[in-house]
Amino acid sequence: MEYRFLGKSGLKVSELALGTMTFGREASKEESSKMLDLYTSEGGNFIDTANVYSEGKSEEIIGEWLRGKDRDSLIIATKVRFPTGKGPNDVGLSRKHILSAVEHSLRRLRTDYIDLYQFHAWDSLTPLEESLSTMTDLVDQGKVRYFGVSNFTGWQLQRTVDLVREMGFTPLVSVQPLYNLLDRYLELEVLPVAMNEGIGVIPWSPLRGGWLTGKYRRGMAPPEGTRIGTAEKYGWSEAWSRYNNERTWRILDKLLEVSKEVGREPSQVALRWLLQRPGVTAPIIGARNMDQLKVNLGASGWKLESKYIESLTEVSELELFYPYDFVMNAQKRR
Ligand SMILES: NC(=O)c1ccc[n+]([C@@H]2O[C@H](COP(=O)([O-])OP(=O)(O)OC[C@H]3O[C@@H](n4cnc5c(N)ncnc54)[C@H](OP(=O)(O)O)[C@@H]3O)[C@@H](O)[C@H]2O)c1
Numbered sequence: 009m010e011y012r013f014l015g016k017s018g019l020k021v022s023e024l025a026l027g028t029m030t031f032g033r034e035a036s037k038e039e040s041s042k043m044l045d046l047y048t049s050e051g052g053n054f055i056d057t058a059n060v061y062s063e064g065k066s067e068e069i070i071g072e073w074l075r076g077k078d079r080d081s082l083i084i085a086t087k088v089r090f091p092t093g094k095g096p097n098d099v100g101l102s103r104k105h106i107l108s109a110v111e112h113s114l115r116r117l118r119t120d121y122i123d124l125y126q127f128h129a130w131d132s133l134t135p136l137e138e139s140l141s142t143m144t145d146l147v148d149q150g151k152v153r154y155f156g157v158s159n160f161t162g163w164q165l166q167r168t169v170d171l172v173r174e175m176g177f178t179p180l181v182s183v184q185p186l187y188n189l190l191d192r193y194l195e196l197e198v199l200p201v202a203m204n205e206g207i208g209v210i211p212w213s214p215l216r217g218g219w220l221t222g223k224y225r226r227g228m229a230p231p232e233g234t235r236i237g238t239a240e241k242y243g244w245s246e247a248w249s250r251y252n253n254e255r256t257w258r259i260l261d262k263l264l265e266v267s268k269e270v271g272r273e274p275s276q277v278a279l280r281w282l283l284q285r286p287g288v289t290a291p292i293i294g295a296r297n298m299d300q301l302k303v304n305l306g307a308s309g310w311k312l313e314s315k316y317i318e319s320l321t322e323v324s325e326l327e328l329f330y331p332y333d334f335v336m337n338a339q340k341r342r
């Protein structure tokens with residue numbers, strides 16, 4: 009496992025982070041603990057969760073597993089923003105909600121500090137100064153080590169960086185966006201801001217919930233019991249109806265072709281493509297069981313040749329729309 013600096017910070021994280029959204033949902037407590045053991049035994053040190061995953065069970069499972077472990081060798085990331093109850097203050101990035109959510113996360117995680125505390129998404133109803141000053145206080149109190157955000161648009165990310173700079177708030181070290189071969193929108197705005205400002209990028213859903221594992225085929229219904237087979241029912245964004253289109257199948261054909269040529273699993277090639285993209289620090293791998301995790305950890309320790317990176321990049325190129333097409337054409341003519 010290689011280690012990379014998280015943005016401009018001095019923190020070194022393993023190049024594969026472990027996502028724990030399946031903990032307490034698809035994966036039992038026992039299976040989840042085994043996955044944590046395997047991941048750390050392979051050199052992984054970066055564990056991502058959120059206060060809302062399985063209504064807190066994901067944090068609880070990590071907390072129980074942490075007992076007797078070398079806490080300081082691990083980087084635990086969690087998030088705040090989405091509803092934790094029905095009350096008017098049980099949601100958002102207000103001082104009140106952040107301060108209560110952090111205490112609940114610390115208790116469930118059985119730790120006295122969070123390494124990376126992330127705003128799970130923008131909150132347009134709370135002044136940004138209020139959220140950022142609260143995060144700064146948490147860092148000053150030693151409850152949080154580093155500050156990150158997730159699901160921000162480009163202007164939201166830049167606004168945060170600028171306000172942090174102007175007001176001397178705790179620096180922003182990472183952004184956690186959706187990024188994979190099928191979803192490359194962040195390359196338009198978020199990635200340029202992150203690269204320009206030295207912010208680490210830790211992509212979520214690097215296999216788009218299973219789409220990029222090679223187990224789905226044109227014209228076939230997604231198997232029962234898989235994330236994609238369930239997504240429609242719960243309205244999850246990786247649903248079959250959203251991705252069952254020519255662009256997806258074109259990308260998957262190329263992914264399967266490259267995997268065959270290099271003798272690796274499609275998921276390993278898809279993760280490798282992401283790992284070698286400019287600006288990316290550490291994709292957050294997800295798995296429902298040990299077998300999947302073993303395969304996905306196999307994305308570490310080798311390089312995908314540039315000709316394969318290029319062909320995958322080409323086949324998954326975004327169709328540009330205004331103003332991006334206009335800007336690109338104007339730039340080409342210059
Ligand atoms: N910030 C956010 O808003 C946000 C949102 C989502 C996720 N996240 C973070 O990102 C992490 C990863 O997201 P994700 O779970 O969507 O990642 P993902 O890797 O795109 O999808 C994981 C799912 O794909 C299938 N899969 C994975 N590896 C496989 C393999 N080798 N063979 C066959 N199937 C395989 C499994 O589902 P099936 O077995 O059901 O097919 C698994 O649960 C999460 O745990 C969480 O920490 C953050």
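So the sequence shown is numbered by this note's numbering: it starts at 9 and just counts up by one. The beta carbon of each residue, even a glycine, is placed where N, CA and C say it ideally should be. Only a predicted model underlies this, so the values are computations on that prediction, with no experimental measurement involved.
Roughly how many angstroms separate the alpha carbons of residue i and residue j, rounded to a whole number?
i      : j      : result
Leu326 : Pro91  : 33 Å
Arg118 : Glu68  : 8 Å
Ile236 : Asp148 : 42 Å
Thr161 : Val198 : 6 Å
Leu220 : Val88  : 28 Å
Glu38  : His128 : 27 Å
Pro286 : Val209 : 10 Å
Ser267 : Leu136 : 44 Å
Ser132 : Glu318 : 38 Å
Which residues in the same chain have their Cβ closer than 7 Å to the Cβ of residue i, if we skip the five residues on either side of it in sequence?
i      : result
Leu82  : Asn53 and Ile55
Thr234 : Gly218
Lys42  : Met298
Ser22  : Met9, Tyr11, Gly51, Gly52, Asn53, Phe54 and Ala290
Arg79  : Thr119
Leu328 : Met336
Arg33  : Ser62
Asp123 : Ile83, Ile84, Ala85, Arg153 and Tyr154
Need the endpoints of the beta strand (DSSP E) that residue i sits in, please.
i      : result
Ile207 : Element bounds for Ile207: n/a, residue is neither H nor E.
Tell me, which residues are paired with residue i by DSSP?
i      : result
Asn188 : Asp191
Val288 : Val209
Thr86  : Tyr125
Gly27  : Asp56
Tyr11  : Ser22
Ile106 : For Ile106, which the question treats as bridged, DSSP gives no partner whatsoever.
Ala35  : Phe31
Leu180 : Phe155
Ile293 : Leu26
Ordered along the chain, which non-local residues of its own chain (more than five positions away) have a Cβ less than 8 Å from that of residue i?
i      : result
Leu305 : Leu24, Leu46, Tyr47, Glu50, Gly52 and Ile293
Lys315 : none
Arg2   : Nothing can be reported for residue 2: it is not among the residues displayed for the chain, which extend from 9 to 342.
Asp333 : none
Asp98  : Pro91, Thr92 and His105
Ile3   : An answer regarding residue 3 cannot be provided, because it is not within the stretch 9 to 342 covered by the chain.
His112 : Asn59, Gly64 and Thr92
By Cβ distance, which residues of its chain are closer than 6 Å to residue i, with the 5 residues on each side in sequence left out?
i      : result
Leu26  : Tyr47, Gly52 and Ile55
Glu273 : Val303
Leu194 : Pro185 and Tyr187
Thr28  : Thr57 and Ser66
Ala247 : Ala239 and Glu240
Would you mind reading off the limits of the alpha helix (DSSP H) that contains residue i?
i      : result
Arg153 : Where Arg153 is concerned, there is no enclosing alpha helix (DSSP H), although the beta strand (DSSP E) it sits in stretches over Val152 to Ser158.
Tyr316 : Ser314 to Val323
Arg280 : Pro274 to Leu283
Asp261 : Glu254 to Val270
Gly358 : Outside the displayed span of the chain (9 to 342) sits residue 358, for which this structure offers no information.
Asn97  : Neither: Asn97 is in no alpha helix (DSSP H) and is coded neither H nor E.
Phe334 : Tyr332 to Arg341
Glu138 : Leu136 to Asp148
Arg250 : Trp248 to Tyr251
Met175 : Gly162 to Met175
Consider the C-beta atom of residue i and the heavy atoms of ligand 3; say whether any pair is separated by less than 7 Å.
i      : result
Trp212 : Although ligand 3 was asked about, the structure shown includes only ligand 1 as ligands.
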